[in-house]
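Working notes, beginning with the structure itself.
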Amino acid sequence: MTAQDTTGVPGLTRPPASAPDPAPDPAVPPGVPEPPATRPGPARKPAVEGAATGTAASRGRGVVLGATAAALLAASMAAAGLCAGDAAAGFFPFGAVTRGVSDLGNQYVPFYAYLCDVLHGHARGDLFVDWASGFGSSYLPDVFYYLTSPFSLLVALFPRARVDLAVYVITVAKIAAGAGAMAVHLRRLPFRGSRHTGLAAVFGAAYGLCGWAVTDGAYNPMWLDGLIAFPLLCLAVEWALAGRRPLLAPLFVAYAWGCDFYTACFATVGAAVVLLVRLSAEPASVRARVAGGARAALYGAIGLGLAAPAVLVGYLAARDAWPVTPRPFTAVGPAPLLGRLLPGSYQYNSPALFVGTFALFAALTLPFNRALPARARAAWTAGIGLVLASMLWQPSVRVWYAFTSPNGSAYREAFVLCGLLVIAGFTSFSRGVPRPLALAAGGVTLAAVVGGASRWTLTTPAMLGRAGVAVAAGAALYGLLLLARLTARLTGRLLRRPGRVRRVASAALLTLLAGVQTAEAAVNVADVDAKRGAHLGSYAAWGPWHDRLRAAVAAADGWPAYRTDPGEARITANDPQLVGGEGAGYYSSMTSTALIGTLSHLGFGWISRGRAPKSLDNPVTDAVFAIGARARSVVAGRSQSRGGNTAAVTLTRTAAAPLVTVRRPPSAGYGPSPYRNQEALIGARVYDVPRLRYLDQYGAELRPGRDNSLATSPDPVPGPSYPYVLRAECRPGDEVYLYAPDYSGGAVLAGNTRVAFTGVPGHSRAPMQRLGTVPATGRLKIKLRPRLGGPIPPGAVGCLDPGRLDRAVGALRSAGATAVQVSGHSLRATLPAGGTGLAVVAAPAIRGWTCAAGNAAPRPAQAFLGLLAVPLDGRSTSVSCSFTPPGLRTGLAVAAAALLAALSCAWRFSGRHKRRKKYAQKRMHELSEIHYVDRQ
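Each residue of the sequence shown is one higher than the one before, counting from -10 in the working numbering.
Right under this line is the structure:
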């Protein structure tokens, strides 16, 4: 056997080059082993047929038990390290500091809260439609993109008010599962040794607690599915090379792509690198390598086909989602790159590559470890180097992200490089501790890494000190290892059991190594928790504000007769999912262009570059979207994005149009004025849009731009003055609204309180806001104090006449639906007789809706100014609509075909395996009988 052992990989094995190839027996088919050569000695009875089978079965059970033990140990160490680090930092659930930073509190916790409602049958909708968010959104893409993992089902075991704890348990479970999966993969690699199980557990835990997992994945739970997927795909690669597991390997691929196709792209690229490294490292024939690669491609294609429903539904939803402008890619420099290998390092947009000092050191010894063949060392070193380079070059970064540009951090694939470092480290140590020369070379390289990292501006003495402590601990363990070997030789001779003494010493040292590594990882978790919390906004765990708002929304519930909006001053961007109710609030990567485009024309605001629309506190849009009750929260103390959880909650009720109304077809589409767009949607003139005059704080006229807009900029020295003034005239008693979507700063209508606008072009859009009531003089004076500046568009002020609005709402109610039934992903409304024109449903016209009037055949829904519409013929007294996510039917058909292909491959493999096994047993039994007779 060569130094690069290939036991268990029949397709990639061959005798050592130094031994002549034996002449094959023509009677033995390919793949069946030759019988062992006879040896001189006393004749033995023929071997009992099936004894070889029993030995193989026993060996197989041993491999399974060893892999299970490695997985459990690795998972336990990873969970212990994560929980210990969070406890040391005082983070929830071990302390009062919230874990809900950024998207974890703003997006994922509400998603899990709503999933809990779905699982318990309490949700506004089902797996196809979420009636709570975005005035009715497609829910299955969110499920496939964020929640498909089986770990998500754990949320059903927790009370809804303990959803934060449920999300934490799911996070810990995923990190532990990733560590366990890597340990199984390492344990099943073609290496053998007494330290195989314990060493695999240690390296598996290093992978589970890698910097990417605890820095980026910990507050994006869906990404942790990629942490699990990578070792599973690597296992599928090993089985493809060995020609084994034709059913389980595609299922692993399907699991990876079905749980989260986003990180599955990264994991698949990483698994392809592992495949190329393994093919390059093995001294096999070209035919064997091609066969192994072809099986890997086949397993991957079948697995991707099995996951087709999730992939197609998610892909089509992403294609229909609101487009965002990608941030420019900037590669990090050498110092930050090396710095992210150290414990306690943190920087938002750089790759978190920490894998623990021991795992990093082990990987650095691989190029110098002559116990491994040069081909293997070169392949692993080149593979890791190319992966690292591909993360720093924009064209190859697009390959990682399936030829798109990353939105946010550009190093979300860093867990793949962490995994490759762990595999390389395990490969180097799998044959025992490398020789002193390799250890010395690895130590020098590690010193160079630390030296380069020290040049990073964010490297602290504490980070360098912790790395030094880990190195010192490793050196002490190596000294203990040498002492243990010497002791084993001396005591082993006296006790006549040198093997047992050596095993006990090795187990003790592995235990110490696991303890040191877990402690270092826990310290890293605590440091990262604190630094990440200081850098990113945070959202409080469930508390008094949640309770009060949920109680208020539940008390006003009237769905589907009317909607109850949880309000504009929200706890998170997904409040309808978190606390209940039905509104515009919805934050997802799948937020549709149909929704955002419609709401933008009506004066709604959004954050997260358009992916998170905000509720609009406006009586016209409330009437149009059937919002009959609205909660309002007045925040006290810190804002909700800084962990605030104190607010006074009030509830108001208004008359609104029903969910389904009857309208005339629109004469034109939306225009530039949100006031006129709202009037087109409600069907009446309710606003006056006065002519504006622009003045400075001294009363001097300001010249507007070419489009009659006013450009504003903040004072060089911030102060209490209002440098810009808007003058206009309106009818006394009307309500004054200001629309300035790209303006950031304050606005005050004389005699009223200041109103904040938060528009940042390209990032957030300020909603239309009420400033007050027109005074008796009819003259308006609106003062502006910019914070970041931004333009005031022409026609920015609108004066709403409440009387005209009441008459418009009454007209819609009189011609609207008399009854509405909503069940899951279907809707049915009863209309007054004789209706003509369009039946309009107050929901965005997203793809997937089919509707019918009366008993007519369902057809794809039409659109009325961005809302669902059904043509009426004057005779029908009802309309019905049903939703099916685009791509679901095609995906199910592809998955069915892939399942048939998987079963066919498994059947063919099983038949071939049984025939070869039966022939081999028969052949060996015959040869044994012949040998027995000859010896007699």
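The beta-carbon is built from N, C-alpha and C at its ideal position, and this holds for glycine as well.
Near G320, which residues of its chain fall below 6 Å by C-beta distance, leaving aside the five closest residues on each side in sequence? By 1-based counting over the sequence shown, the position of residue 320 is 331. The question names Gly, but residue 320 is Ala in the sequence shown. In the same chain as A320, and ignoring 5 residues on each side of it, the C-beta atoms closer than 6 Å to its own belong to L381, in chain order.
Pair within 9 Å by beta-carbon distance, P655 and F853: Taking the first residue of the sequence shown as position 1, residue 655 is located at position 666. Taking the first residue of the sequence shown as position 1, residue 853 is located at position 864. Yes. Within cutoff.
If we ignore side chains and look at the alpha-carbon of each, how far apart do P19 and L240 end up? Within the sequence shown, numbered from 1, the residue matching residue 19 stands at position 30. Within the sequence shown, numbered from 1, the residue matching residue 240 stands at position 251. With a pLDDT of 39 at P19, under the threshold of 50, the predicted position of this residue should be treated as unreliable, though the coordinate-derived value follows. Distance between the alpha carbons of P19 and L240: 28 Å.
Give a yes or no on whether 9 Å exceeds the smallest Cβ distance from A891 to chain D. Structure shown: chain D not included; a single protein chain is present.
Does the distance from the CB of V829 to the CB of P549 come in under 9 Å? Along the sequence shown, read from residue 1 onward, the residue named residue 829 stands at position 840. Along the sequence shown, read from residue 1 onward, the residue named residue 549 stands at position 560. No, Cβ-Cβ distance for V829 and P549 is not below 9 Å.
Between which residues of its own chain and P780 is the CB-CB distance below 6 Å, once the five residues before and five after are set aside? Locating residue 780 in the sequence shown gives position 791, where the first residue counts as 1. Cβ neighbours of P780 beyond the five flanking positions: S698, A700 and D731.
Do the CB positions of L355 and V439 come within less than 9 Å of each other? Here the question's residue 355 lines up with position 366 in the sequence shown. Here the question's residue 439 lines up with position 450 in the sequence shown. No. Outside cutoff.
CB-CB length for A59 against A190, believed under 8 Å: Here residue 59 refers to the residue found at position 70 of the sequence shown. Here residue 190 refers to the residue found at position 201 of the sequence shown. Rounded, the Cβ-Cβ distance is 5 Å, consistent with contact.
Measuring only the C-alpha atoms, how far is A850 from L406? The residue given as residue 850 occupies position 861 in the sequence shown. The residue given as residue 406 occupies position 417 in the sequence shown. Roughly 47 Å between the two C-alpha positions.
Which first and last residues belong to the beta strand (DSSP E) in which Y713 is found? Within the sequence shown, numbered from 1, the residue matching residue 713 stands at position 724. Y713 -> beta strand (DSSP E) spans Y713 to E718.
Report all residues from its chain with a CB closer than 7 Å to the CB of S183; omit the five preceding and five following residues, and keep chain order. Taking the sequence shown and counting its residues from 1, the one referred to as residue 183 is at position 194. Per-residue confidence for S183 stands at a pLDDT of 46, beneath the threshold of 50, marking its modelled position as unreliable; the derived number appears in the next sentence. By the criterion of a C-beta distance shorter than 7 Å, S183 is surrounded in its chain by R492 and S495, once the five residues flanking it on both sides are discounted.
Let me know if A834 comes out buried or exposed under the rule of 16 or more other beta-carbons within 10 Å of its beta-carbon. Counted from its first residue, the sequence shown places residue 834 at position 845. Residue burial is scored here from C-beta neighbours: A834 has at least 16 other C-beta atoms within 10 angstroms and is therefore classed as buried.
Apart from the five residues on each side of it in sequence, which residues of its chain come closer than 7 Å, Cβ to Cβ, to R928? There is no way to answer for residue 928, as the model of the chain reaches only from -10 to 925.
How is V90 classed by DSSP in three states: helix, strand or coil? Counted from its first residue, the sequence shown places residue 90 at position 101. In this structure, V90 counts as strand in the three-state DSSP scheme.
For the alpha helix (DSSP H) containing Y251, list its first residue and its last residue. Taking the first residue of the sequence shown as 1, we reach residue 251 at position 262. F250 to A270 is the span of the alpha helix (DSSP H), which, as asked, contains Y251.
Hey, out of V883, Y128 and A102, whose CA is closest to G114's CA? Position 125 of the sequence shown holds residue 114. The residue from V883, Y128 and A102 with its alpha-carbon nearest to that of G114 is Y128.
Residue range of the beta strand (DSSP E) that Y726 falls in? Counted from its first residue, the sequence shown places residue 726 at position 737. Its beta strand (DSSP E) spans residues E724 to L727.
Are there 16 or more other CB atoms within 10 angstroms of the CB of A296, so buried, or fewer, so exposed? The residue given as residue 296 occupies position 307 in the sequence shown. By the 10 Å Cβ count, A296 comes out buried.
Look at the alpha carbon of A461 and the alpha carbon of A519, and state the distance between them as a whole number of angstroms. Here residue 461 refers to the residue found at position 472 when the sequence shown is read from its first residue. Here residue 519 refers to the residue found at position 530 when the sequence shown is read from its first residue. Cα to Cα, the separation comes out at about 26 Å.
Between P721, G167 and R802, which has its C-alpha nearest L213's C-alpha? Stepping through the sequence shown from its first residue, residue 213 is reached at position 224. Nearest of P721, G167 and R802 to L213, Cα basis: G167.
Below 8 Å on the Cβ atoms is my guess for G215 versus F404; work out the distance and round it to an integer in Å. The residue you call residue 215 lines up with position 226 of the sequence shown. The residue you call residue 404 lines up with position 415 of the sequence shown. Indeed they touch by this definition, with Cβ atoms about 6 Å apart.
Per-residue burial, L410 [other beta carbons within 10 Å of its own, 16 or more giving buried]: If you number the sequence shown from 1, residue 410 lands on position 421. Here L410 is buried: its Cβ has 16 or more other Cβ atoms, across all protein chains shown, within 10 Å.
When you measure from the CB of R366 to every non-hydrogen atom of the ligand FMN, does any distance come out below 8 Å? The model depicted lacks the ligand FMN and carries no ligand whatsoever.
Can you give me the Cβ contacts of S443 inside the same chain, cut-off strictly under 7 Å, excluding the 5 residues immediately before and after it? The count along the sequence shown starts at 1 and reaches residue 443 at position 454. For S443, the CB contacts under 7 Å within the same chain, skipping 5 residues up- and downstream, are L453 in chain order.
Across the segment 750 to 770 and the segment 562 to 580, are there enough close Cβ pairs to call them in contact, namely three or more that are closer than 8 Å? no
Distance between S379 and L265 (C-alpha atoms, nearest Å): On the sequence shown, position 276 is the one that residue 265 refers to. On the sequence shown, position 390 is the one that residue 379 refers to. Each residue's alpha carbon lies about 16 Å from the other.
With distances taken from CA atoms, which of G372, A155, D119 and P712 is nearest A261? For the purposes of this step, residue 261 is taken as residue 272 along the sequence shown, with counting starting at 1. The shortest Cα separation from A261 among G372, A155, D119 and P712 belongs to G372.
Let me confirm a value: V623 is counted as buried when at least 16 other C-beta atoms fall within 10 Å, else exposed. Which label applies? Your numbering for residue 623 matches position 634 in the sequence shown. That one is exposed.
Just checking, does the segment 533 to 541 make contact with the segment 65 to 74 on the three C-beta pairs under 8 Å criterion? no
So if DSSP puts Y676 in a beta bridge, which residue, or which two residues, is it bridged to? The residue labelled residue 676 in the question sits at position 687 within the sequence shown. Paired residue(s): L789.
4-residue-minimum alpha helix (DSSP H) runs that sit fully inside the segment 280 to 346, ordered along the chain: 297 to 309 and 323 to 328
Contact belief for T927 with A804 at Cβ below 8 Å, rounded distance in angstroms: Any property of residue 927 remains undetermined from this structure, which presents the chain solely from -10 to 925.
From the DSSP output, which residues share a beta bridge with C870? As a first step, residue 870 must be located in the sequence shown, where it is residue number 881. Bridge partners of C870: L816 and C840.
Might you give, ordered along the chain, the residues of its own chain that have their beta carbon closer than 6 Å to the beta carbon of F140, omitting 5 neighbours on each side? Mapped onto the sequence shown, residue 140 falls at position 151. The answer, listed in chain order, is I159, A162 and K163.
Rank R680, R682, C719 and G734 by C-alpha distance to the C-alpha of D937 and give the top, closest one. Absent from the structure is residue 937, since the part of the chain shown begins at -10 and ends at 925.
Please state the DSSP three-state secondary structure of W531. Position 542 of the sequence shown holds residue 531. Coil.
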